[in-house]
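Peer 1:
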Amino acid sequence: MIGPRDLLNIALRIESTGYSYYKNLTEKTEGETKALFERLAEQERDHSRKFKEILEKYEQDLNPSDEVLGYLEALAEISIFPKLEETPPDDLREAVRRAIEVEKDSIVFYSEILSYVPEKEPVQTIIDEEKKHLRDLLRLEV
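For the sequence shown, the residue numbers in the UniProt record's numbering are 1 to 142.
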């Protein structure tokens, strides 16, 4: 059975995979679009560091219900990872659309995790940054 520490490890994987996705897009773009993807990649790397810090701080296991844990695991495995683990499409519009979907799903995932971590501020900061990523991607004209 998956536990809260597993959820934090999934969050780490989301951020690491997101970093690779955005880094790959920097190689396919230029100008302001490239700069945006570079910034998003670095922020995903920072988020990964923050989740590692949370994991190191909280060794105790928290107790969300099995139903919630199953939902979150399914969300990550079905909605987030398949989109990020594929090579970004050559069509920039499709790559951005996929990134928008992942940012939305990540916000939902992290909002649920927020309920189960004792120190909420680092996770809330990441949620706020993911919302900014979403706004930046929605403003991107492709």
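Cβ atoms here follow ideal geometry from the backbone N, Cα and C, with glycine treated the same way.
Predicted model, so just to flag it, every value in this text is computed and none were measured.
(1) Given this structure, state the Cα-to-Cα distance separating Leu-72 from Ile-107, to the nearest angstrom.
(2) Please report the distance separating the alpha-carbon of Ala-11 from that of Tyr-19.
(3) Please report the Cβ distance between Pro-118 and Lys-50, rounded to the nearest whole angstrom; I am assuming they are in contact, meaning their Cβ atoms lie under 8 Å.
(4) With a threshold of 8 Å, are at least 3 pairs of Cβ atoms found where one atom belongs to the region 109–117 and the other to the region 131–142?
(5) Could you pull the start and end residues of the alpha helix (DSSP H) that Tyr-110 belongs to?
(6) Taking DSSP as the reference, what is the three-state secondary structure of Lys-28?
(7) Looking only at its chain, what residues have a beta carbon closer than 6 Å to the beta carbon of Arg-98, apart from the 5 residues adjacent to it on each side?
(8) Can you give me the Cβ contacts of Ile-126 inside the same chain, cut-off strictly under 7 Å, excluding the 5 residues immediately before and after it?
(9) Whose C-alpha, out of Glu-30, Ile-80 and Tyr-21, is nearest the C-alpha of Glu-42?
Peer 2: To lay it out plainly:
(1) Taking C-alpha positions only, Leu-72 is separated from Ile-107 by approximately 12 Å.
(2) 12 Å
(3) Incorrect: roughly 15 Å between the Cβ atoms, too far for contact.
(4) By the Cβ criterion, the region 109–117 is not in contact with the region 131–142, since fewer than three pairs of Cβ atoms, one from each stretch, lie closer than 8 Å.
(5) 92–114
(6) coil
(7) Counting only Cβ-Cβ distances below 6 Å, and skipping sequence neighbours, we find Lys-83.
(8) His-47, Lys-50 and Tyr-110
(9) Its Cα nearest to that of Glu-42, the residue Tyr-21 stands out among Glu-30, Ile-80 and Tyr-21.
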